[in-house]
Amino acid sequence: MMKQNQSIMTLLPLFLILVISTEVEGAKKSYGVYNNDNNSLKLFVFGDSYVDTGNFQNSGAYKIPSGITFPGYPAGRFGNGRVLTDYLGVLKTLVDGPNLTVQIDSFEQLIKQNVYSKSDVQTSIVLVNAGANDYTKFVLKDKNLFDCIDLLDLVSRDHNKMMLQIVEDLNKEIGKSVFKTLDLYSSFLTAIQTIQKNRKENSTIMNPLEPCCALESVGYNCGKVDDKGEKKYTLCEKPELSFFWDNAHPSQNGWYSVFKQLEPSLSQITGKNF
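Numbered per mature numbering (1 follows the signal peptide of the UniProt record, and there is no 0), the sequence shown spans residues -26 to -1, 1 to 248.
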């Protein structure tokens, strides 16, 4: 029974991440002149564990086996290694809980305290990620949804279609294209389909929908041990080749596969080759 639950839960993060059209606010000046001290483009990140590079020292992300691929020890990332923001070249991540409003308020305080200057803000890109924490409550409200993958897929596509329209309307209201979108839906879908296609030719390739860190019970997280110190999870043989790390987070390889799909869009938005 547990094996079936794990299989169902593996589909949950796929829906949660694909339903999002991540918004990127580019405050970069169109003529390419920057007045900040080090002439670098800043990246400020708001979101949840999908983009967190290490902010909650009491979280499961600081327990073995997290970070086993990179940097080789638990460092606060929810996975075996790098996440999407690492590949984007993030300079500073600001994650202060699942509430986005709290994060933005905290960021405003940092600006008032001159931790970041107006020049930093004017020459920056803001990446806003609304991930699993923002949609889990809706999905878990009706567990029968897990049996209707086609319905979840339809909701994902409809959600993204409406998101694109909202972003377009915002840009028209402002009078310039300040808001951009990254198509995570297509990126994840293409990456997973590519791996599944390759598996037909090479059966040793790991199923991209199987988490590397398999949990013994619902509610456990990767790294969970009992009172005797016995592990309540099992780890796959080659974490570096998995696509999903656990039931909710992509692995380093998963994020890298998605990042490679996003490269053309990212280069167009930032004017930088990744």
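Glycine is no exception: its CB is placed at the ideal position from the N, C-alpha and C atoms.
Predicted, not measured: the structure shown is a model, and the values here were computed from it.
Taking the alpha carbon of residue i as the reference point, which residue from the options has its own alpha carbon closest?
i	options	result
K206	C187, N221, A222	C187
T59	L236, Q83, Q242	L236
F20	S177, P213, F81, T43	F81
D157	P185, L240, S93, Q167	L240
E211	I148, P185, R131, R173	P185
V192	Q242, Q139, A222	A222
S91	K16, S177, H133, N134	K16
E190	S177, T208, N134, I166	T208
F218	I166, N32, E147, Q31	I166
G245	E175, I99, D132, D127	I99
Nearest-angstrom Cα distance between residue i and residue j?
i	j	result
F18	K171	36 Å
P238	I85	32 Å
D143	V152	11 Å
L183	N145	36 Å
T164	N88	42 Å
F233	S160	12 Å
N29	D94	22 Å
R173	F162	17 Å
Q139	T168	29 Å
K150	Q31	40 Å
Q77	N247	29 Å
residue 263	Q242	Residue 263 lies beyond the range of the chain shown here (-26 to 248); nothing can be said about it.
S177	I38	29 Å
Q83	R131	36 Å
Considering only the beta carbon of each residue, do residue i and residue j sit closer than 8 Å?
i	j	result
N103	D220	no
M180	S231	no
T75	G50	no
Y36	P48	yes
P213	T97	no
Between residue i and residue j, which are expected to be in contact by the criterion C-beta below 8 Å, what is the C-beta distance as a whole number of angstroms?
i	j	result
N195	G34	4 Å
S40	G197	6 Å
V25	L101	7 Å
T155	M137	7 Å
Taking Cβ positions only, does residue i come closer than 8 Å to chain B?
i	result
V19	Considering every chain present, this structure includes no chain B. It has just one protein chain.
- [ ] Examine the Cβ distances between the region 41 to 58 and the region 226 to 233 and report whether three or more of them are shorter than 8 Å.
- [x] yes
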